[in-house]
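Only one structure is covered here, and it is reproduced in the block below.
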Amino acid sequence: MLENNKTPYDFTNYIVNALKLSPSNTAILCVDCQNGFTERCPKELPVSGTTEEWIDQVNEFLTLMKERNFKIFASMDDHPENHISFEKWPPHCIKGTFGNQLFINTYDFVIKKGIEIDGDSYSAFYKDIERKIESELDELLRKHKIENLVILGLAGDVCVIATIEDALKHGFRVFPISQYIKAVNKKDIKEIVEEKFGKIII
Numbered sequence: 018m019l020e021n022n023k024t025p026y027d028f029t030n031y032i033v034n035a036l037k038l039s040p041s042n043t044a045i046l047c048v049d050c051q052n053g054f055t056e057r058c059p060k061e062l063p064v065s066g067t068t069e070e071w072i073d074q075v076n077e078f079l080t081l082m083k084e085r086n087f088k089i090f091a092s093m094d095d096h097p098e099n100h101i102s103f104e105k106w107p108p109h110c111i112k113g114t115f116g117n118q119l120f121i122n123t124y125d126f127v128i129k130k131g132i133e134i135d136g137d138s139y140s141a142f143y144k145d146i147e148r149k150i151e152s153e154l155d156e157l158l159r160k161h162k163i164e165n166l167v168i169l170g171l172a173g174d175v176c177v178i179a180t181i182e183d184a185l186k187h188g189f190r191v192f193p194i195s196q197y198i199k200a201v202n203k204k205d206i207k208e209i210v211e212e213k214f215g216k217i218i219i
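Residue numbering for the sequence shown follows the working numbering, starting at 18 and increasing by one per position.
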């Protein structure tokens, strides 16, 4: 688990030099880094702590990792109007809106989910909550010989934890960056992982 209170350069240095993770088999997975989940869109689903300063730090980290040739995968909600998820959550990340747009400045691949009006998904690995229909993410990762995933994004207690769970089930090693993960319940991703799995497995 990569801890808080570090600079983007600290995280980059730790990943490359301490963990010895290589761009040949390691990728960055940005889960739902969209305006609609930040304080930029107060009427959608803003997660506490997603300030402009926080967004800038995320982008600085991604720029540093891209300079070191790490591939960046980004998942995103791409909802039509009247999407089924709006029965549970406020309308958010609707196609063609500012809230739908990614706030990250650099990425190589985009995995869209929640596209169909009557289907929703939390995990970036699936197109449906029931986890019956896989997205293209697993295939893309294996095509590029990825074994390790450095994970960040929103929200920690919803889509991020679902993605971590499925990444582990698919056999990937995962390295969440707690400082770049914010949760609806304001809990740290370390605590969320402990509650989900009973122990730290990352």
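Backbone N, C-alpha and C fix where the C-beta goes; we use that ideal spot for every residue, glycine too.
query: Following the continuous alpha helix (DSSP H) through residue 73, name the residue where it begins and the one where it ends.; result: 69-84
query: Can you list, in chain order, the residues of its chain with a C-beta nearer than 6 Å to that of residue 43? Leave out the 5 residues immediately preceding and following it.; result: 165
query: Please report the straight-line C-alpha distance between residue 92 and residue 141, rounded to a whole angstrom.; result: 6 Å
query: Assign residue 204 to one of three DSSP states: helix, strand, or coil.; result: coil
query: Mark residue 107 as exposed unless 16 or more other C-beta atoms lie within 10 angstroms of its C-beta, in which case mark it buried.; result: exposed
query: Give the range of the beta strand (DSSP E) segment to which residue 15 is assigned.; result: Since the first residue shown for the chain is 18 and the last is 219, residue 15 is missing from the structure and cannot be characterised.
query: Using a threshold of 9 Å, state whether the C-beta atoms of residue 200 and residue 183 are closer than that.; result: no
query: Touching or not, the stretch 80-90 and the stretch 35-51, by the rule of three or more beta carbon pairs under 8 Å?; result: yes
query: Under three-state DSSP, which class holds residue 132?; result: coil
query: What's the C-alpha gap between residue 213 and residue 176?; result: 13 Å
query: Consult DSSP for residue 143 and reduce its assignment to one of helix, strand or coil.; result: strand
query: In chain order, what residues of the same chain have a beta carbon less than 8 Å from the beta carbon of residue 86, not counting five sequence neighbours either side?; result: 40
query: Roughly how far, in whole angstroms, is the beta-carbon of residue 186 from the beta-carbon of residue 195, given that I think they are within contact range, below 8 Å?; result: Incorrect: roughly 21 Å between the Cβ atoms, too far for contact.
query: Run through DSSP, which three-state label would residue 58 get?; result: coil
query: Within the continuous alpha helix (DSSP H) that includes residue 183, where are the two ends?; result: 178-186
query: Is DSSP giving residue 28 helix, strand or coil here?; result: helix
query: For residue 34 and residue 148, I'd like the C-alpha separation in whole angstroms.; result: 36 Å
query: With a Cβ-Cβ cutoff of 9 Å, do residue 169 and residue 197 count as a contact?; result: yes
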